[in-house]
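Asker: Sequences listed follow chains A and B, in order. Residue numbers in the first sequence follow the numbering used here, run continuously in steps of one, and reach 525 at the last position. Residue numbers in the second sequence follow the numbering used here, run continuously in steps of one, and reach 437 at the last position. Glycine included, every Cβ here is placed at the ideal spot set by N, Cα and C.
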Amino acid sequence: MIEVKNLTKNYGDRKAIDTLSFKVSKGEVVGFLGPNGAGKSTTMKIITGYMAPTSGSVEVDGLDVFEDPVEVKRKIGYLPEIPPVYGDMRVIDFLKFCSRLKGVPGKTMNSAVASAIEKTSLQDVQKRMIQNLSKGYKQRVGLAQALIGDPEILILDEPTVGLDPTQVVEMRKLISSLRGNHTIILSTHILPEVQANCDRIIIINNGSIVASETLADLAQSQSGTCRIGVQVARDVEKAKSKVSLVEGVKHILINGMRLDIEMSHSSEGIEAVATQIVESGSGLLEFRIESSNLEEIFIKLTSEKETSMGGVQ
Amino acid sequence: MRAMFAIAWKDFRSLVSSPIFFVISGLFCCLLSFTYIRQIFDFARRSMVLAHQGQGVNIHMSVFASHLSLVNLILLLAIPVFTMRALAEEKKMRTYDLLLTSPITATQISFGKFLAVFMSGMVLLLIAAIYPLGTALFADFSWGPLISSFIGLALLMGIYIAIGLFASSVTSSVILAAFLGMVLILSFWFIGQGAGFSDDPVLSAFFEHVSVGQQFVSFLQGTLKLTAVVYMLSAIALFVFLTQRVVESSRWR
Chain A
213 MIEVKNLTKN YGDRKAIDTL SFKVSKGEVV GFLGPNGAGK STTMKIITGY MAPTSGSVEV
273 DGLDVFEDPV EVKRKIGYLP EIPPVYGDMR VIDFLKFCSR LKGVPGKTMN SAVASAIEKT
333 SLQDVQKRMI QNLSKGYKQR VGLAQALIGD PEILILDEPT VGLDPTQVVE MRKLISSLRG
393 NHTIILSTHI LPEVQANCDR IIIINNGSIV ASETLADLAQ SQSGTCRIGV QVARDVEKAK
453 SKVSLVEGVK HILINGMRLD IEMSHSSEGI EAVATQIVES GSGLLEFRIE SSNLEEIFIK
513 LTSEKETSMG GVQ
Chain B
185 MRAMFAIAWK DFRSLVSSPI FFVISGLFCC LLSFTYIRQI FDFARRSMVL AHQGQGVNIH
245 MSVFASHLSL VNLILLLAIP VFTMRALAEE KKMRTYDLLL TSPITATQIS FGKFLAVFMS
305 GMVLLLIAAI YPLGTALFAD FSWGPLISSF IGLALLMGIY IAIGLFASSV TSSVILAAFL
365 GMVLILSFWF IGQGAGFSDD PVLSAFFEHV SVGQQFVSFL QGTLKLTAVV YMLSAIALFV
425 FLTQRVVESS RWR
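1) I believe Phe334 of chain B touches Leu309 of chain B by the beta-carbon criterion, under 8 Å. Please report the beta-carbon distance rounded to the nearest angstrom.
2) Using beta carbons (cut-off 8 Å, strictly below), is Leu313 of chain A in contact with chain B?
3) Going along the stretch 265 to 299 of chain B in order, which residues come within less than 7 Å of chain E, judged by CB to CB distance?
4) Can you give me the C-alpha to C-alpha distance between Ile464 of chain A and Asp447 of chain A, rounded to a whole angstrom?
5) Starting from Ser356 of chain B, find everything on chain A with Cβ-Cβ shorter than 7 Å and list it in chain order.
6) Applying a beta-carbon distance threshold of less than 7 Å, which residues of chain B neighbour Phe309 of chain A?
7) Mind checking if Ala361 of chain B is an interface residue toward chain A, Cβ cutoff 8 Å exclusive?
8) Report the residue from B:Leu257, B:Ile204, B:Phe225 whose alpha carbon sits nearest the alpha carbon of Leu215 of chain B.
9) List, in order along the chain, the chain A residues whose C-beta lies closer than 9 Å to that of Trp436 of chain B?
10) Report the option in B:Met185, B:Gly406, B:Thr289, B:Phe374 whose CA atom is closest to the CA atom of Leu260 of chain B.
11) Looking at the unbroken beta strand (DSSP E) that takes in Gln443 of chain A, where does it start and where does it end?
12) Closer than 6 Å by C-beta to Ile396 of chain A: which residues in its own chain qualify, once you throw out the five before and the five after it? Chain order, please.
13) So, does the CB of Tyr349 of chain A fall closer than 8 Å to a CB anywhere in chain B?
14) Pull up the distance between the alpha-carbon of Cys213 of chain B and that of Ala228 of chain B, whole angstroms please.
15) In terms of residues, what are the limits of the alpha helix (DSSP H) holding Met303 of chain B?
16) Residues in its own chain within less than 6 Å of Cys310 of chain A by CB, not counting five upstream and five downstream?
17) Can you give me the Cβ contacts of Ser269 of chain A inside the same chain, cut-off strictly under 7 Å, excluding the 5 residues immediately before and after it?
18) Based on Cα-Cα distance, which residue from A:Val458, A:Val236, A:Ile229 lies nearest to Glu215 of chain A?
19) Measuring only the C-alpha atoms, how far is Val394 of chain B from Ala362 of chain B?
20) Three or more C-beta pairs closer than 8 Å, one from the stretch 400 to 407 of chain A and one from the stretch 365 to 385 of chain A: is that the case here?
21) Under 8 Å by Cβ, that's how I've got Pro296 of chain A and Leu282 of chain B pegged, so tell me the actual separation to the nearest angstrom.
22) Are Met416 of chain B and Ile311 of chain B close, meaning C-beta to C-beta below 8 Å?
23) Taking its Cβ as the centre, do 16 or more other Cβ atoms sit within 10 Å of Asn409 of chain A, making it buried, or is it exposed?
24) Starting from the N-terminal side, write out each stretch of the beta strand (DSSP E) that is 3 residues or longer and does not extend beyond the stretch 247 to 327 of chain A.
25) Are the beta-carbon atoms belonging to Leu245 of chain A and Ile415 of chain A less than 8 Å from one another?
26) Which residues in chain A sit within 7 Å of Ala419 of chain B, going by Cβ to Cβ distance?
27) Where DSSP assigns a beta bridge to Ile416 of chain A, which residues make up the other side?
28) Anything in chain B within Cβ reach of Ile365 of chain A, meaning under 8 Å, just list it in chain order.
29) Quickly, what does DSSP pair Gly243 of chain A with across the bridge? List them, please.
30) For chain B, check one thing: does any of its Cβ atoms lie closer than 8 Å to the Cβ of Pro292 of chain A?
31) So, with DSSP's three-state summary, where would you put Met521 of chain A?
32) What distance in whole Å lies between the Cβ atoms of Gly495 of chain A and Met212 of chain A, which are believed to be in contact at a cut-off of 8 Å?
33) Under 8 Å, with one C-beta from each stretch per pair, do the stretch 335 to 342 of chain A and the stretch 255 to 269 of chain A reach the 3-pair mark?
34) Below 8 Å CB to CB, which residues in the same chain sit around Phe510 of chain A once its five sequence neighbours on both sides are set aside?
35) Thinking just about the alpha-carbon of each residue, which of A:Leu232, A:Met383, A:Phe499 is nearest to the one in Lys331 of chain A?
36) For the candidate residues A:Gly239, A:Lys238, A:Lys227, whose alpha-carbon lies nearest to that of Thr255 of chain A?
Below, the structure is given as structure tokens:
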């Protein structure tokens, strides 16, 4: 459905995204994950045809975004980070305006607007001015705008940012109710959102994809590893160099007098690490084996300070 | 087409219901009423004096022309205020994202925006037309020059709008858009001054031709010249085109 090939975007000297490639198939719900400034929004904007990449291509349903922008845009509903709503319009007028922009035929316009209002539960505020609505409602109006015309693809840029916890839950419910009818790309830096909604996640950091797997696969691929948190009294560098000799150690992160060690999960390995630290004479204060969950996977994959000892995967 | 009219209608509605439009059209009315009445009394007095001597005065040149010149002067300042929000505010409020990701072209956006302000400007022109129309109730005059003047004024307003729109497309600051629009429009008027500065007859003829003032005068005199109409339409097309390029450029920048 969506095929992104070698996408690169430079803002001046800064590379926002760097040779990004991925595919999204029909009906899939893909979570786009990454820290702030990783290039999520840029990638989404390029897919929607809002801006052009420096190089690379995007195909939607076999159509190139830059050769057939109008056709491609017809297939996409886009909710930007800041909902694009006109404060001086009533909700219903705004949605009618959107359906005209999107070329919804006049006959079906009212029903298209009504169904978007119903899906986003905006019935109570449909006659109100958008500028008087709360942030959560504005966000919903933005989503209703994206839903108008029933596009095959929905691209939602951080749909839950700035909402209060109940609104976040509602928004999540709303998004999961849209599953099945649309191909959805969802960006976020909030992990539970991905766990709640997505079939697959693409983790992006510094403009490159660091992981693109289903949740189960990702958990699996990381399950062979474990993290050990070690607190020492002194000579943290020495402990690190000793530990790095142990077979199976993948990353070591120094954090003050703490070492965060990531390694393949084996009793011998853990024993060896413990032995090395004790032998280094750094004064072992704490030794804790931590379980691996999505949050940690994310932090690990996107951590910039990491001391790489053989790549992520 | 439908999307273009949707943009035009939406912008028109939001513009004419904005306080800024009320204030400007209110001031517009006051100013015109004040000066028009003075001019018409002045005209009545003079025509009485001249009638004694067996001569007549032309109501078009002595009343309508100065009325319309004043309208032009107000439009010159009011139109950039109308156009300033057209694109600059869309960018600032991020509603530009909606326009650029909708299945419409940059041309539709630019023309839609142009039409919106043009319709709002026509509201002002209609107000301005009330005065000569009211005069027609108790005076008899030839309609030709008046109609040609209004056509000229509408075209002239089109140029101001196209320029203002262009100014609004290059910035996301509403204030800057208004200022830039005014400066560009004024410079269009002042190009004609170049004629006085050059001794070269070719150059001076050139300046006269590109000056918007010279072209407008012919409409005001009741001569509907094809060159003047073409000049006005091409000036509008040029700036709408430039606006379209700027809107389009955000897709490949």
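Answerer: From the atom records:
1) 7 Å
2) yes
3) Structure shown: chain E not included; protein chains present are A and B.
4) Ile464 of chain A and Asp447 of chain A: Cα-Cα distance of roughly 15 Å.
5) Going along chain A, no residue has its Cβ under 7 Å from Ser356 of chain B, so there is no contact; the nearest lies around 13 Å.
6) Ala190, Lys194
7) no
8) B:Leu257
9) Residues of chain A passing the Cβ test: Met263, Ala264, Phe278.
10) B:Phe374
11) Gln443 of chain A -> beta strand (DSSP E) spans 437 to 444.
12) Val241, Leu366
13) no
14) Going by the C-alpha atoms only, they are around 22 Å apart.
15) Membership of Met303 of chain B in the alpha helix (DSSP H) is indicated by the continuous run 290 to 320.
16) Gln357, Ile360
17) Lys217, Asp276
18) With distances taken between Cα atoms, Glu215 of chain A lies closest to A:Val236.
19) Cα atoms of Val394 of chain B and Ala362 of chain B: separation of roughly 23 Å, rounded to the nearest angstrom.
20) yes
21) About 4 Å separates the beta carbon of Pro296 of chain A from that of Leu282 of chain B, a gap short enough to meet the 8 Å contact definition.
22) no
23) Classification of Asn409 of chain A: buried, given that the 10 Å Cβ count is 16 or more.
24) Inside the stretch 247 to 327 of chain A, DSSP marks whole beta strand (DSSP E) runs of 3 or more residues at positions 267 to 272, 288 to 291, from first to last along the chain.
25) yes
26) Chain A residues near Ala419 of chain B: none, gap ~29 Å exceeds 7 Å.
27) Note: Ile416 of chain A sits in a beta bridge opposite A:Ile421.
28) By Cβ distance, chain B contributes nothing, its closest Cβ being about 12 Å from Ile365 of chain A, past 8 Å.
29) A:Leu398, A:Ile413
30) Yes, Pro292 of chain A lies at the interface with chain B (some Cβ there is under 8 Å from its Cβ).
31) Per-residue confidence for Met521 of chain A stands at a pLDDT of 40, beneath the threshold of 50, marking its modelled position as unreliable; no derived number is given.
32) Nothing can be reported for residue 212 of chain A: it is not among the residues displayed for chain A, which extend from 213 to 525.
33) no
34) Cβ neighbours of Phe510 of chain A beyond the five flanking positions: Leu245, Leu403, Ile415.
35) A:Met383
36) Checking every option, the nearest Cα to that of Thr255 of chain A belongs to A:Lys227.
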